[in-house]
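One structure below.
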Amino acid sequence: MPELEHCQSKRRFARTSKNNFIPQLVKHDVHERLMHRVQRHLDQVRQKANPVMKHHKARATSVSGDPLPFTNPAAHYHIAASSRDHVDITEWLGNNIDDPAIQGFLPRLKSHLLAQLHGIEYQGDEHTFTDEDIDAVLFAEDRLYKHSILHVNYTSYDLRRQQDSINPHTRADIMVLAYEDDDEGSPHPYWYA
Numbered sequence: 056m057p058e059l060e061h062c063q064s065k066r067r068f069a070r071t072s073k074n075n076f077i078p079q080l081v082k083h084d085v086h087e088r089l090m091h092r093v094q095r096h097l098d099q100v101r102q103k104a105n106p107v108m109k110h111h112k113a114r115a116t117s118v119s120g121d122p123l124p125f126t127n128p129a130a131h132y133h134i135a136a137s138s139r140d141h142v143d144i145t146e147w148l149g150n151n152i153d154d155p156a157i158q159g160f161l162p163r164l165k166s167h168l169l170a171q172l173h174g175i176e177y178q179g180d181e182h183t184f185t186d187e188d189i190d191a192v193l194f195a196e197d198r199l200y201k202h203s204i205l206h207v208n209y210t211s212y213d214l215r216r217q218q219d220s221i222n223p224h225t226r227a228d229i230m231v232l233a234y235e236d237d238d239e240g241s242p243h244p245y246w247y248a
């Protein structure tokens, strides 16, 4: 019996009277299967009743079709190498011109990429490059590629290696330590994205 199934049996046993428990365990199992069947039926009914939701799910699965292989735990992150889903940078910037988050996006992106290419680790201060250096950064076919899942490897508080995934369709919110100057008042210790 696999370990997870054993844990489930122990959890079910705790819900019995411990007297003639086998029929009680079977009854719990039957109820659980019935609940799963009802849930599947409800999901099917909702999909048929709400075609917008059906379209949204179809879109999400096509975007999230980048299955990631097992990744090396020593690597900091892993993103699929797919080039299926892309955005034209010029068109995207034009469509989002009124968005304050987009102001200065392209020069900041190019500066970030230059720092990465030169091996400059981000410590809170943005490295300034010359305009010639920034203009020298070109994007192949003027495209940015979107990926559905980012796997991040990290060390947890109990010093164990962990892996987490970020998926904009299911788990889009992330929080990282902030790099703020002390002279900026009372900076918040985290950045949210």
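Under my numbering, read the sequence shown as residues 56 to 248, first letter to last.
Idealized CB from N, CA, C, for every residue including glycine.
Handout entry: Stretch pair the stretch 198-218 + the stretch 131-150: three plus CB contacts closer than 8 Å
Key = Three or more beta-carbon pairs drawn from the stretch 198-218 and the stretch 131-150 are found closer than 8 Å, and the two stretches are therefore classed as touching.
Handout entry: Straight-line gap, D213 to D197 (C-alpha atoms, nearest Å)
Key = Each residue's alpha carbon lies about 44 Å from the other.
Practice task
Figure out for me which residue from H202, S211, M230 and R139 has the closest Cα to the Cα of H224.
Solution key: The residue with the shortest Cα to Cα distance from H224 is H202.
Exercise for the section: For Q79, I'd like the list of residues in its chain whose CB is within less than 6 Å of its CB, leaving aside the five on either flank, ordered along the chain. Expected result: Cβ neighbours of Q79 beyond the five flanking positions: T71.
Problem - Delimiting residues of the beta strand (DSSP E) encompassing R216 - result: For R216, the enclosing beta strand (DSSP E) covers residues R216 to I221.
Problem - Three-state secondary structure assigned by DSSP to V192 - result: For V192, the secondary structure class from DSSP, reduced to helix, strand or coil, is coil.
Practice task
Can you say whether S166 is buried or exposed, counting buried as having 16 or more other CB atoms within 10 angstroms of its CB?
Solution key: Buried is the call here.
Practice task
Counting only the same chain and skipping the five closest in sequence on each side, list residues whose C-beta sits under 8 Å from that of F68.
Solution key: Only residues of its own chain outside the window of five on either side were considered, and among them F76 and L80 have a CB closer than 8 Å to the CB of F68, listed in chain order.
Handout entry: Rounded Cβ spacing between L164 and L148 (contact assumed at less than 8 Å)
Key = Not really, about 10 Å apart at Cβ, beyond 8 Å.
Handout entry: Entirely enclosed alpha helix (DSSP H) segments - the stretch 144-210, minimum 4 residues
Key = Segments of the alpha helix (DSSP H) lying fully in the stretch 144-210: 144-150, 160-172 and 186-190.
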